[in-house]
Each structure stands twice: as structure tokens, then as C-alpha cells.
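Enquirer:
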Amino acid sequence: MARKIHIFDTTLRDGEQIPGAKLNKNQKLEIAHQLARLGVDVIEAGFPCSSPEDLQAVKAVAQQVKGPAIAGLARAVEKDIDLAWEAVKDAERPRIHVFLGSSDIHLQKKLRQDRDKALHMAVEAVRHAKKYCEDVEYSTEDGSRTDFEYLCRIIEAAIGAGATVINVPDTVGYAIPDEYGGLVRKLREAVPALDRALLSVHCHNDLGLAVANSLAAVQNGADQVECTINGLGERAGNASLEEIVMILKTREASYGVRTDIKTEEIYRTSRMVSRLMNIPVQPNKAIIGSNAFSHSSGIHQDGILKDRSTYEIIKPEDVGIRQHKIVLTARSGRAALGHRLKEMGYELEKELFERVHQRFLNVADRKKEITSEDLRSIVEIEMTKVTETFSFNSLQIMSGNTMVPLASVTLVRGGEKITDAATGNGPVDAVFNCIERIVGEQGKLQDFDLKAVTTGKDALGEAMVRVDIQGTVYSGIGTSPDVIEATGRAYLNAFNRFFANAH
Ligand code: KIV
Ligand code: ZN
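Letter by letter, the sequence shown follows residues 100 to 602 of the working numbering.
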């Protein structure tokens with residue numbers, strides 16, 4: 100059997116460090132359950148000392164998500180390690196992940212420590228974590244820029260103190276594949292203690308090489324790859340899980356290794372993360388971008404129609420993208436909707452199914468055919484909805500190039516309809532102003548993205564916004580065949596998140 104590569108997902112920790120992508124407890128739980136369905140080996144659920152909310156979120160993941168090991172990150176200090184343990188202790192398989200800078204740059208400029216003191220700190224930290232937890236990962240932060248002899252000493256000492264996993268990150272994305280692969284090989288040769296621990300890699304994408312570096316490390320003996328869904332992460336991001344996994348699967352004969360990832364769950368996971376973190380996936384992104392399996396040139400289309408293998412190296416179904424031949428319409432009954440949802444892998448509870456059905460009817464009234472992509476957008480937005488303080492009811496716009504745009508919006512609060520009107524610089528601005536008047540709060544729009552879920556003039560529009568409300572950035576998402584309505588729904592969704600957070 101091929102050697103197994105452990106997949107350590109850090110979307111909920113390194114991915115969540117992106118400004119504005121902060122997740123609340125329920126959102127983390129939802130993604131963590133999906134990561135478990137995807138089959139990752141480890142979920143790094145957060146950095147418990149970073150905030151009491153994050154501690155609670157990691158704790159909830161540890162208590163409720165079964166299957167993968169659940170890791171909490173900690174600096175090499177007792178207080179952080181205590182909090183990390185507090186957060187992960189109820190997991191089926193808890194892991195404490197301790198890190199400390201090891202390069203001279205980090206030691207001198209950031210930590211102001213000499214090498215021996217830092218080594219002592221590392222050993223003490225691992226020993227402290229080990230008092231609580233059998234599974235302790237130790238990361239030599241900025242490992243790829245660390246003096247090799249010193250790196251070997253730390254690794255040997257950390258394993259001696261009880262570390263079960265050693266991670267050598269390329270923290271600043273500086274490494275190149277030959278060099279990073281060589282580092283992993285040399286470490287394996289120089290540190291015999293590594294036979295008693297897993298060797299992990301964690302690559303950042305500052306030079307666009309995170310995936311290539313991770314694969315070079317795998318070829319040279321790394322056991323675990325740390326990565327994120329959609330390649331999200333600090334600065335230019337981390338190695339993308341979907342790319343690593345699909346490269347190892349598609350080129351299995353060349354790499355001779357395997358993962359336990361259920362690749363058919365990749366697309367759904369990617370969409371969920373994009374929605375909940377409110378970070379759109381670029382269309383040409385490998386594996387999960389909207390163009391990854393679309394063929395536009397005539398020659399390619401002709402080839403694909405004759406035999407898919409002419410221009411396709413991965414089957415869309417292998418990553419969970421299914422094309423359904425029968426389209427749904429407003430006349431499709433509940434049974435047909437339920438059947439399609441099942442085919443798409445959604446098992447919805449009654450209450451959620453009812454909401455999806457209502458929204459489906461509302462959209463189908465205005466759009467002739469509902470495709471699987473439309474349905475996916477509807478379901479995922481309903482799934483990720485917070486408790487709504489205000490729900491959307493209706494919207495009217497008067498706009499044109501010779502008049503001041505005017506919007507009238509009706510929202511519902513506690514069963515009561517509230518209508519107001521406002522003008523703005525454009526129709527979207529007028530809708531936003533009107534929503535602010537009704538909810539009684541002001542927001543500063545930080546980011547706005549609007550895309551069509553499918554092709555065609557009547558495509559469903561999906562809007563994503565990021566809004567600063569009282570100093571915190573909330574994301575919002577909305578969908579509708581009417582793009583102004585989609586935008587208004589997204590804006591309202593951000594305010595509902597604010598209210599949900601405030602109570
Ligand atoms: O990039 C990095 O070095 C990290 C560590 C905390 C593992 O994220
Ligand atoms: Zn990192």
C-alpha cells in the first residue's frame with residue numbers, strides 16, 4: 100500500500116487570520132463538520148489564546164466534531180498551552196500545537212532571545228504540553244530560514260521532550276522546491292529521532308510556490324502536509340488543500356503516496372468556506388474555480404464531445420461537481436426538489452428544507468429554470484444564515500441616468516413590517532441607505548463582489564459584501580435573480596450578523 104500523507108487542515112486557524120474572515124463559533128463548527136466529511140486527518144480549529152470567543156469555538160469543535168484530531172495552536176508559553184488544552188481536551192483525539200521562532204531573524208529581531216534560551220523554552224513548552232496531551236506538535240517557526248545545525252538540535256530536543264509531530268514551516272514563503280525538498284531529506288538523514296515523530300511541512304504562498312514546495316517535501320519524506328481550503332491564509336495564503344490532494348491523486352504513479360481525502364467532498368467544502376469567510380474563489384483557480392472544467396474554444400469543445408480525456412485530466416465528479424440533466428422549474432414539486440438535493444449530497448432537516456423550498460419557489464417564479472448551481476447557492480445561503488433580527492420582504496427602486504435613485508425597502512422585525520425610503524448615489528447606495536435607516540445602524544462598505552451563479556441573461560446573482568459596523572467587519576451574502584435585491588440581501592445579512600453577535 101502506498102505511503103499515507105496526513106492532511107492537516109488549518110483553514111480555521113491560518114486561513115482565519117485573513118482580515119475580515121473571522122468566523123463565529125457556529126460557522127467554525129459548520130466548516131469543521133464538513134472538513135470531517137472531507138476526511139482530513141487533523142483540523143487546526145483555532146488559536147485559543149487569541150480571544151475568549153476563539154477558545155469557545157475551538158472547544159465546541161473539539162466536543163462535537165468526530166473523526167479528525169482537533170488541534171489548538173499555542174505560543175511556547177504556559178498560559179497559551181493551558182488555554183489550548185482547555186479548548187481541545189474534550190476531543191476524541193486532542194492535539195496541542197506549540198510554535199516558536201527558530202531562525203536568527205526571528206530570535207534576534209522578534210523574540211530577542213539567543214539560540215540556547217529559545218531551545219530551552221521549546222523543550223519546556225513541549226514538556227508542559229505533554230503533561231496534558233499525548234499528541235503534541237512542535238513547529239519551528241521560520242524553519243526554512245533557520246541555521247541547519249540549530250534546526251536539527253531543536254528538533255531532536257523537542258522529540259526528546261515528547262513531541263509527536265515536528266513541523267518545519269516555510270513561514271514567509273521564501274523557499275523554492277529543490278531547496279525545501281532538500282531540507283526535508285537532510286533533516287531525515289541528520290536527525291534519527293525523526294523516526295519517532297511525524298515530519299510535517301507548512302508552506303506559505305508569497306512566491307506562489309506553496310503547493311510546489313509542499314510536494315517537494317512529500318517526495319523527500321514529509322509525512323504531513325499543512326494546508327487550507329482554497330489556499331486561504333496569512334498574506335498570499337497557504338498551500339491549497341484541493342491542489343495538493345488532487346495532484347497526489349492524479350499523479351499517484353509518480354508520487355507513490357496517498358491521502359484519505361474523499362475528493363468528492365472538495366467542491367462542497369470549497370464553496371462553504373468561500374461563503375462563510377466571504378472570500379470569492381478566482382474563476383481560474385485550479386481544481387475548484389468556476390472555469391476549471393469549462394471549455395470555451397471550439398477545438399477543445401469538439402475534443403471533449405468526442406472523448407473527455409482529450410482535454411480533461413480530472414473528472415468534475417471526482418471533486419464533487421455534478422452536472423444534472425433535468426432542470427427544476429417553479430412547477431417541480433417538493434419531491435423533485437428533495438430528490439435533487441439528495442443527489443447533490445444535502446440531507447436537510449425539515450425546517451431548513453422548508454426555508455430552501457420557499458426560497459426556491461420565490462426564485463423559480465422569476466427565473467425559468469433552476470440549475471444545480473442555483474440550488475447550491477440557495478441552500479448554502481440558507482444553511483449559513485444567522486438568526487435574523489430583520490428579514491427581507493420587498494424592494495422597489497426608481498433609477499435612471501437623469502434622476503436621483505430612490506429605493507423603498509420593506510423589512511420584517513418580530514412579525515411587523517417596516518417600510519422606509521432613501522436616496523443614494525446609485526440604486527445600490529439607495530438600498531444600503533434605506534436598510535441603514537430601518538435597522539438604525541450605519542455601516543461602512545469595505546468590499547463588494549457580485550457574480551452570476553450560472554451563465555445566461557437570467558442567471559442568479561450572488562452578492563458578497565464586507566461591512567464595517569461599529570469597528571468590526573461583518574460579511575454578508577445574498578442571492579436573487581435581481582442583482583440589486585441580491586446586494587440588498589447581502590447588506591442586510593451583514594447587519595443580522597452584527598445583531599447576532601451583539602446579543
Ligand atoms: O506559518 C507558520 O509558521 C505558522 C506556524 C504557527 C505553524 O503558521
Ligand atoms: Zn502559517
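By construction, the Cβ of each residue, glycine as well, lies at the ideal position given by its N, Cα and C atoms.
What you are looking at is a predicted structure, and each value in this text was computed from that prediction instead of being measured.
Specify, as a first and last residue, the run of the beta strand (DSSP E) that Gln495 falls within.
Expert: For the purposes of this step, residue 495 is taken as residue 396 along the sequence shown, with counting starting at 1. Its beta strand (DSSP E) spans residues Ser490 to Met497.
Enquirer: Could you give the residue range of the beta strand (DSSP E) that holds Ile517?
Expert: In the sequence shown, the residue the question calls residue 517 occupies position 418. Note, Ile517: beta strand (DSSP E), Glu515 to Thr522.
Enquirer: In the DSSP assignment, the alpha helix (DSSP H) including Val317 goes from what residue to what residue?
Expert: Walking along the sequence shown from the start, residue 317 turns up at place 218. That run of the alpha helix (DSSP H) goes Ala309 to Gln318.
Enquirer: Quick one: grab the DSSP three-state call for Asp269.
Expert: Numbered from its first residue, the sequence shown carries residue 269 at position 170. Reduced to three states, the DSSP call for Asp269 is strand.
Enquirer: Using only alpha-carbon positions, find the residue among Asp322, Arg374 and Val235 that is nearest to Val197.
Expert: Start at 1 with the first residue of the sequence shown, and residue 197 comes out as number 98. Checking every option, the nearest Cα to that of Val197 belongs to Val235.
Enquirer: Please classify Val503 as buried or exposed, where buried requires at least 16 other C-beta atoms within 10 Å of its C-beta.
Expert: Taking the sequence shown and counting its residues from 1, the one referred to as residue 503 is at position 404. Looking at its Cβ environment, which holds fewer than 16 other Cβ atoms inside 10 Å, Val503 is exposed.
Enquirer: At a cut-off of 7 Å, would you count Leu544 as near the ligand KIV, judging by its Cβ distance to the nearest heavy atom?
Expert: In the sequence shown, the residue the question calls residue 544 occupies position 445. Every heavy atom of the ligand KIV is 7 Å or more from the Cβ of Leu544, so no.
Enquirer: So the beta strand (DSSP E) Arg302 belongs to, where does it begin and stop?
Expert: Along the sequence shown, one-based indexing puts residue 302 at 203. Arg is not the amino acid found at residue 302; the sequence shown has Cys there. Segment Leu297 to Cys302, the beta strand (DSSP E) holding Cys302.
Enquirer: Does Pro193 pass the burial test, meaning 16 or more other C-beta atoms within 10 Å, or should it be called exposed?
Expert: Along the sequence shown, one-based indexing puts residue 193 at 94. Buried is the call here.
Enquirer: Taking all protein chains shown into account, do 16 or more other C-beta atoms lie within 10 angstroms of the C-beta of His219, making it buried, or fewer, making it exposed?
Expert: Taking the first residue of the sequence shown as 1, we reach residue 219 at position 120. Classification for His219: exposed.
Enquirer: What alpha helix (DSSP H) runs, 4 residues minimum, are completely inside the stretch 519-552?
Expert: Within the stretch 519-552, the complete alpha helix (DSSP H) runs of at least 4 residues are 526-538.
Enquirer: Give me the DSSP bridge partner(s) of Ala173.
Expert: The residue you call residue 173 lines up with position 74 of the sequence shown. DSSP lists Val197 as partners of Ala173.
Enquirer: When the Cα of Met482 is compared with those of Asn337, Leu460 and Val372, which residue comes out closest?
Expert: Residue numbering aside, residue 482 sits at position 383 when the sequence shown is read from its first letter. Out of Asn337, Leu460 and Val372, Val372 has the C-alpha closest to the C-alpha of Met482.
Enquirer: Check whether the Cβ of Asp113 lies closer than 7 Å to any heavy atom of the ligand KIV, and answer yes or no.
Expert: Sequence index remark: in the sequence shown, residue 113 carries index 14 (1-based). Flag set: Cβ of Asp113 near the ligand KIV.
Enquirer: In the DSSP output, what is Tyr354 paired with across the bridge?
Expert: Taking the sequence shown and counting its residues from 1, one reaches residue 354 at position 255. BP columns for Tyr354 are empty, so no partner.
Enquirer: Cβ of Glu342 versus every heavy atom of the ligand ZN: is any distance shorter than 7 Å?
Expert: Here the question's residue 342 lines up with position 243 in the sequence shown. No, the beta carbon of Glu342 sits no closer than 7 Å to any heavy atom of the ligand ZN.
Enquirer: Can you find a heavy atom of the ligand KIV that lies under 7 Å from the Cβ of Phe531?
Expert: Position 432 of the sequence shown holds residue 531. Checking the Cβ of Phe531 against the ligand KIV gives no.
Enquirer: Indicate the three-state DSSP secondary structure (helix, strand or coil) for Thr409 in the structure shown.
Expert: Position 310 of the sequence shown, counting from 1, holds the residue named residue 409. In this structure, Thr409 counts as helix in the three-state DSSP scheme.
Enquirer: Return yes when at least one heavy atom of the ligand ZN lies under 7 Å from the C-beta of His205, else no.
Expert: Counting from 1 along the sequence shown, the entry for residue 205 is found at position 106. False, no ligand heavy atom lies under 7 Å from that Cβ.
Enquirer: Indicate, with yes or no, if the ligand KIV has a heavy atom lying under 7 Å from the CB of Asn304.
Expert: Sequence index remark: in the sequence shown, residue 304 carries index 205 (1-based). Not so, every heavy atom of the ligand KIV lies at least 7 Å from the Cβ.
Enquirer: Shorter than 7 Å, the distance from the beta carbon of His301 to the closest heavy atom of the ligand ZN, or not?
Expert: Taking the first residue of the sequence shown as position 1, residue 301 is located at position 202. Yes, the Cβ of His301 comes within 7 Å of a heavy atom of the ligand ZN.
Enquirer: Return yes when the C-beta of Asn312 is under 7 Å from any heavy atom of the ligand KIV, and no when it is not.
Expert: Position 213 of the sequence shown holds residue 312. Every heavy atom of the ligand KIV is 7 Å or more from the Cβ of Asn312, so no.
Enquirer: Kindly indicate which three-state DSSP category His394 falls into: helix, strand or coil?
Expert: Here residue 394 refers to the residue found at position 295 when the sequence shown is read from its first residue. His394 falls in the coil class under three-state DSSP.
Enquirer: Can you determine whether any heavy atom of the ligand KIV sits closer than 7 Å to the C-beta of Pro382, and answer yes or no?
Expert: Taking the first residue of the sequence shown as position 1, residue 382 is located at position 283. Incorrect: Pro382 has no Cβ contact closer than 7 Å to the ligand KIV.
Enquirer: Look up Gln323 in the DSSP assignment and give the residues it is bridged to.
Expert: For the purposes of this step, residue 323 is identified with residue 224 of the sequence shown, where counting begins at 1. For Gln323, which the question treats as bridged, DSSP gives the partners His105 and Ser299.
Enquirer: For the putative contact between Ile517 and Ile537, defined by C-beta atoms under 8 Å, what is the C-beta separation to the nearest angstrom?
Expert: Taking the sequence shown and counting its residues from 1, the one referred to as residue 517 is at position 418. Taking the sequence shown and counting its residues from 1, the one referred to as residue 537 is at position 438. That belief holds up - the Cβ atoms of Ile517 and Ile537 are roughly 5 Å apart, short of 8 Å.
Enquirer: Taking 7 Å as the line, does the beta carbon of Thr270 fall inside it for any heavy atom of the ligand KIV?
Expert: As a working note, residue 270 is residue 171 in the sequence shown. Because some heavy atom of the ligand KIV lies under 7 Å away, the Cβ of Thr270 counts as near it: yes.
Enquirer: Flag this pair as yes or no: are the beta carbons of Ile117 and Ala131 separated by less than 8 Å?
Expert: Locating residue 117 in the sequence shown gives position 18, where the first residue counts as 1. Locating residue 131 in the sequence shown gives position 32, where the first residue counts as 1. In this structure, Ala131 does not lie closer than 8 Å to Ile117 by Cβ.
Enquirer: Can you tell me whether DSSP reads Gly587 as helix, strand or coil?
Expert: Position 488 of the sequence shown, counting from 1, holds the residue named residue 587. Of the three classes helix, strand and coil, the one that applies to Gly587 here is helix, per DSSP.
Enquirer: Hey, would you say the C-beta of Leu172 is under 7 Å away from at least one heavy atom of the ligand KIV?
Expert: Position 73 of the sequence shown, counting from 1, holds the residue named residue 172. Leu172 Cβ: within cutoff of the ligand KIV.
Enquirer: With Ala562 as the anchor, note down where its beta strand (DSSP E) starts and where it stops.
Expert: Within the sequence shown, the letter at position 463 stands for residue 562. Gly560 to Ile568 is the span of the beta strand (DSSP E), which, as asked, contains Ala562.
Enquirer: If Ile253 and Ala221 are in contact, beta carbons under 8 Å, what's the gap, nearest whole angstrom?
Expert: As a first step, residue 253 is located in the sequence shown; it is residue number 154 there, counting from the start. As a first step, residue 221 is located in the sequence shown; it is residue number 122 there, counting from the start. Confirmed, Cβ separation roughly 6 Å.
Enquirer: Take the Cβ of Thr428 as the centre, count every other Cβ of all protein chains shown within 10 Å, and call the residue buried at 16 or more, exposed below.
Expert: Position 329 of the sequence shown, counting from 1, holds the residue named residue 428. Under this definition Thr428 is an exposed residue.
Enquirer: Touching or not, the stretch 306-321 and the stretch 332-345, by the rule of three or more beta carbon pairs under 8 Å?
Expert: Touching, yes.
Enquirer: How many whole angstroms separate the CB atoms of Asn319 and Arg284, which I take to be in contact at a CB cut-off of 8 Å?
Expert: Residue mapping note: residue 319 aligns to position 220 of the sequence shown, counting from 1. Residue mapping note: residue 284 aligns to position 185 of the sequence shown, counting from 1. The Cβ separation is near 4 Å, so the contact holds.
Enquirer: Counting pairs of Cβ atoms below 8 Å between the stretch 144-161 and the stretch 183-193, do you hit three or more?
Expert: Cβ pair count under 8 Å is three or more, so yes.
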